[in-house]
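Participant: The following block contains the structure, expressed as structure tokens.
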Amino acid sequence: MRDLVARLRQALGDDAVSTDPRVRRTASTDWASMSPVLAAKLPAGLADAVAFPADPAGLARTVALAHAAGVPVTPRGKGTGNYGQAIPLRDGLVVDLTRSRRVVDVGAGWITAEAGTPFVTLEAAARRTGQELAMFPSTVGSTLGGFLAGGAGGTGSIENGWLWSGFVTGLDVVPCTGAEELVHLAGADTAPLLHAYGTTGVIASATVRLRPRRDWTALFASFPAEADAVAAGLALMSLDPAPRLVSVDEPGIVAALPVDPAIPRDRCSLRAIVDTGVLAAARQVVRAAGGRVEEVRAGGPALLTSLSFNHATHRVQKVRPGLAHLQVGGPALVERAAEVRALLPGALVHLDGLGGPDGPGFVGLLLTRYTTEQALYEAMDALRGLGVHVSDPHTWELAEPLDDVRRAAARFDPAGLLNPGKLPAAVPA
Ligand SMILES: Cc1cc2nc3c(=O)[nH]c(=O)nc-3n(C[C@H](O)[C@H](O)[C@H](O)COP(=O)(O)OP(=O)(O)OC[C@H]3O[C@@H](n4cnc5c(N)ncnc54)[C@H](O)[C@@H]3O)c2cc1C
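Quick look at the structure:
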């Protein structure tokens, strides 16, 4: 390791490599503590050193040197992933990409940027050209590479689905093969890199989709019953253009949101980022479903993003520690809501709109009291029994199907040095 650190310092400069214990510790944690299961098990590794390459060439040099030394490499963006994805389970070198943050180019319908570019920077660059990002996560300070390798969707996902549904048009990837190179992948060839936790190559830069910029505003509505808010949310998602975001919270979650006159404490809250051109229709949808428009706030979209997806989990856990979250979705989540509630009495549900091939629907976070890991997995099985889609946020391992990911890993990381411990071995048939 000492030799590698010396070589990295020579290649990148002294201030681009750290063995400071505090820097190593910070680079070895993420938001896994959101899960009581992961909190008990992680962090299970500690970076021996942290490298901060400032551009794709520096990244390629870094990975080639680590490969030559046989040292594990864990790529890292802002470290906001909440499954322990960025934790270096086998120690080694953490490669922090946050200094490689240049917007390379913007064209009609696309933006190319280095992996460490934060979403706030990407959105600002897009807006200067009359466009906007097709999607971005609620963690707007997180990085492009970290989102593509560790995230899923967010604001914009009603119209554009998950990030692996066409958001990415090209990637420049650094393989861990010993060759100091950037491999360009386009279209469907990018798929094995997406949500693969960096096990199939380190993303140096990416080209993602932009949409024409819209005039968005924030609609705050409230309802006496969750079913009415859900019905209104589904109707809002059918407007043209679709909202950029629709979130629904029951009063138990509303109690954990910031105090705001537009989010009354005793009612279900529906918040949507809607195009001003369909505002009148959106108001009508709310009224027809038995709801009340609390406020329309021109400067409100950023607030609504900050209350969406796992920000809801984070806020609820702050005021009610001891709750574990389950990532749920599919029509059964709302169509069989009463059975879901009966299965997990006292559980709280946060919903966000999501578009898909069968039209828009909801994904959600179900917050339930944590007792044991076994009880949590039994709850997931029972939910699946109701037809609810459940993805497990309490494991650092990638979820099947992984055939394409394993094939890409064999090509780009034959020695298994990239983020080891995250890609489970194939179970023989
Ligand atoms: C409160 C909260 C809210 C969240 N909301 C959302 C949301 O709305 N939508 C969503 O999808 N996620 C969400 N997340 C998860 C996470 O914040 C996002 O996915 C985020 O975009 C990850 O980016 P990051 O820069 O923090 O990546 P990191 O956490 O640093 O890394 C994530 C994974 O990607 C790998 N990686 C990082 N950079 C690269 C690279 N250049 N090449 C290859 N691999 C790389 C890492 O090794 C790790 O496995 C949320 C998390 C929290 C805690």
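Numbering (full-length UniProt numbering), first residue to last: 1 to 429. Where a beta carbon is used, it is the ideal one built from N, C-alpha and C, also for glycine. Bear in mind that the values here come from a model prediction, so they are computed numbers and not experimental data.
1. Suppose only complete runs of 3+ residues qualify. What are the beta strand (DSSP E) ranges in the region 275-303, listed by chain order?
2. With distance defined between alpha-carbon atoms, name the residue in Ala408, Ala409, Asn82 and Gly330 nearest to Arg384.
3. Starting from Ser157 and walking both ways along the alpha helix (DSSP H), at which residues does that stretch end?
4. Could you please give the first and the last residue of the uninterrupted alpha helix (DSSP H) stretch that includes Ile111?
5. Thinking C-alpha only, which one of Gly58, Leu59, Arg24 and Pro56 is nearest Pro43?
6. Taking a contact to mean a Cβ-Cβ separation below 8 Å, would you say Gly291 touches Phe220 in this structure?
7. Taking the Cβ atom as the reference point for each residue, do Pro345 and Val202 lie within a distance shorter than 8 Å?
8. In three-state terms, what does DSSP make of Leu194?
9. Give me the DSSP bridge partner(s) of His325.
10. Does Arg209 have its Cβ less than 8 Å from a Cβ in chain D?
11. Cα-Cα, which of Ala66, Trp216, Tyr197 and Thr29 is closest to Ala152?
12. Which word fits Gly154, buried or exposed, when buried means at least 16 other C-beta atoms lie within 10 angstroms of its C-beta?
13. CB of Val208 to nearest heavy atom of ligand 1: below 7 Å?
14. Helix, strand or coil, according to DSSP, for Phe52 in the structure here?
15. Does the distance from the C-beta atom of Ala149 to that of Leu210 stay below 8 Å?
16. Can you look up Ser33 in the DSSP assignment and give me helix, strand or coil?
17. With DSSP run on the structure shown, which of helix, strand or coil describes Gln131?
18. Between the beta-carbon of Arg99 and the beta-carbon of Pro118, is there less than 8 Å?
19. Helix, strand or coil for Gly166? Go by DSSP, reduced to three states.
20. Take Pro264 and list the residues in its own chain whose beta-carbon comes closer than 6 Å to its own, dropping the five residues that flank it on each side.
21. Taking Val254 as part of the alpha helix (DSSP H), name the residues at either end of that continuous run.
22. Comparing the CB of Ile263 with every heavy atom of ligand 1, is any distance shorter than 7 Å?
23. Gly45 by DSSP, collapsed to three states: which one?
24. Output yes or no for whether 8 Å exceeds the beta carbon distance between Leu365 and His394.
25. Between Gly252 and Thr368, what straight-line distance do the alpha-carbon atoms span, to the nearest angstrom?
26. If I measure Cβ to Cβ from Arg213 and keep anything under 8 Å in the same chain, skipping five residues before and after, which residues do I get?
27. Please report the straight-line C-alpha distance between Leu402 and Ala408, rounded to a whole angstrom.
28. I need the boundaries of the alpha helix (DSSP H) containing Gly84, first residue and last residue.
29. What residues in its chain sit with their C-beta under 6 Å from that of Ser247, if we drop five residues either side in the sequence?
30. If you measure from the CB of Arg244, is any heavy atom of ligand 1 nearer than 7 Å?
31. Does the Cβ of Ile253 lie closer than 7 Å to at least one heavy atom of ligand 1?
32. What is the DSSP secondary structure of Gly353, reduced to helix, strand or coil?
Facilitator: Answer, in terms of the structure:
1. The DSSP assignment places 292-297 as complete runs of the beta strand (DSSP E) inside the region 275-303, in order along the chain (cut-off: 3 residues).
2. The sequence position of residue 384 within the sequence shown is 384, counting from 1. Looking at the Cα atoms, Gly330 is the closest of the given residues.
3. Reading the sequence shown from its first residue, position 157 is the one you call residue 157. Taken as a continuous stretch (DSSP letters only), the alpha helix (DSSP H) holding Ser157 covers Ser157 to Asn160.
4. By one-based count along the sequence shown, residue 111 stands at place 111. Looking at the DSSP string, Ile111 is not in any alpha helix (DSSP H); the run it does join, the beta strand (DSSP E), is Trp110 to Glu114.
5. For the purposes of this step, residue 43 is identified with residue 43 of the sequence shown, where counting begins at 1. Nearest option by C-alpha distance: Arg24.
6. Your numbering for residue 291 matches position 291 in the sequence shown. Your numbering for residue 220 matches position 220 in the sequence shown. No, the pair does not count as a contact, with Cβ atoms beyond the cut-off.
7. Here residue 345 is taken as the residue at index 345 of the sequence shown, counted from 1. Here residue 202 is taken as the residue at index 202 of the sequence shown, counted from 1. With a cutoff of 8 Å on beta-carbon distance, Pro345 and Val202 are scored as not near each other.
8. The sequence position of residue 194 within the sequence shown is 194, counting from 1. Three-state DSSP puts Leu194 in coil, outside helix and strand.
9. Position 325 of the sequence shown holds residue 325. In DSSP, His325 forms a bridge with Leu367.
10. Among the chains in the structure shown there is no chain D, since it carries only a single protein chain.
11. The residue labelled residue 152 in the question sits at position 152 within the sequence shown. Answer by Cα proximity: Tyr197.
12. Position 154 of the sequence shown, counted from the first residue, corresponds to residue 154. So Gly154 ends up on the buried side.
13. Along the sequence shown, read from residue 1 onward, the residue named residue 208 stands at position 208. Outside the cutoff, so no.
14. Taking the sequence shown and counting its residues from 1, one reaches residue 52 at position 52. In the displayed model, Phe52 falls within coil according to three-state DSSP, outside both helix and strand.
15. Taking the first residue of the sequence shown as 1, we reach residue 149 at position 149. Taking the first residue of the sequence shown as 1, we reach residue 210 at position 210. No, Cβ-Cβ distance for Ala149 and Leu210 is not below 8 Å.
16. Taking the first residue of the sequence shown as position 1, residue 33 is located at position 33. Note: Ser33 maps to helix in three-state DSSP.
17. Counted from its first residue, the sequence shown places residue 131 at position 131. DSSP places Gln131 in strand when its eight states are reduced to three.
18. Mapped onto the sequence shown, residue 99 falls at position 99. Mapped onto the sequence shown, residue 118 falls at position 118. Contact: no.
19. Walking along the sequence shown from the start, residue 166 turns up at place 166. Coil.
20. Taking the sequence shown and counting its residues from 1, the one referred to as residue 264 is at position 264. Excluding positions up to five away in sequence, the list reads Ser222.
21. The residue labelled residue 254 in the question sits at position 254 within the sequence shown. That run of the alpha helix (DSSP H) goes Pro251 to Val254.
22. In the sequence shown, the residue the question calls residue 263 occupies position 263. No; taking the cut-off as 7 Å, the Cβ of Ile263 has no heavy atom of ligand 1 nearer than that.
23. The residue you call residue 45 lines up with position 45 of the sequence shown. The answer is coil: DSSP assigns Gly45 none of H, G, I, E or B.
24. Along the sequence shown, read from residue 1 onward, the residue named residue 365 stands at position 365. Along the sequence shown, read from residue 1 onward, the residue named residue 394 stands at position 394. No. Outside cutoff.
25. Residue numbering aside, residue 252 sits at position 252 when the sequence shown is read from its first letter. Residue numbering aside, residue 368 sits at position 368 when the sequence shown is read from its first letter. Cα to Cα, the separation comes out at about 12 Å.
26. Counting from 1 along the sequence shown, the entry for residue 213 is found at position 213. Excluding its 5 nearest sequence neighbours in each direction, Arg213 has C-beta neighbours in its own chain below 8 Å: Ala126, Arg127, Gly130, Gln131 and Glu132, listed in chain order.
27. Residue 402 sits at position 402 when you count from the first residue of the sequence shown. Residue 408 sits at position 408 when you count from the first residue of the sequence shown. Each residue's Cα considered, the two are about 10 Å apart.
28. Numbered from 1 along the sequence shown, position 84 holds the residue referred to as residue 84. No alpha helix (DSSP H) holds Gly84; DSSP gives it neither H nor E.
29. The residue given as residue 247 occupies position 247 in the sequence shown. Cβ within range, chain order: Arg271, Ser308 and Asp352.
30. Residue mapping note: residue 244 aligns to position 244 of the sequence shown, counting from 1. Checking every heavy atom of ligand 1 against the Cβ of Arg244, none is found closer than 7 Å.
31. Taking the first residue of the sequence shown as 1, we reach residue 253 at position 253. Judged by the Cβ position, Ile253 fails to qualify as a neighbour of ligand 1 at the 7 Å threshold, every heavy atom of the ligand being at least this far.
32. Within the sequence shown, numbered from 1, the residue matching residue 353 stands at position 353. Strand.
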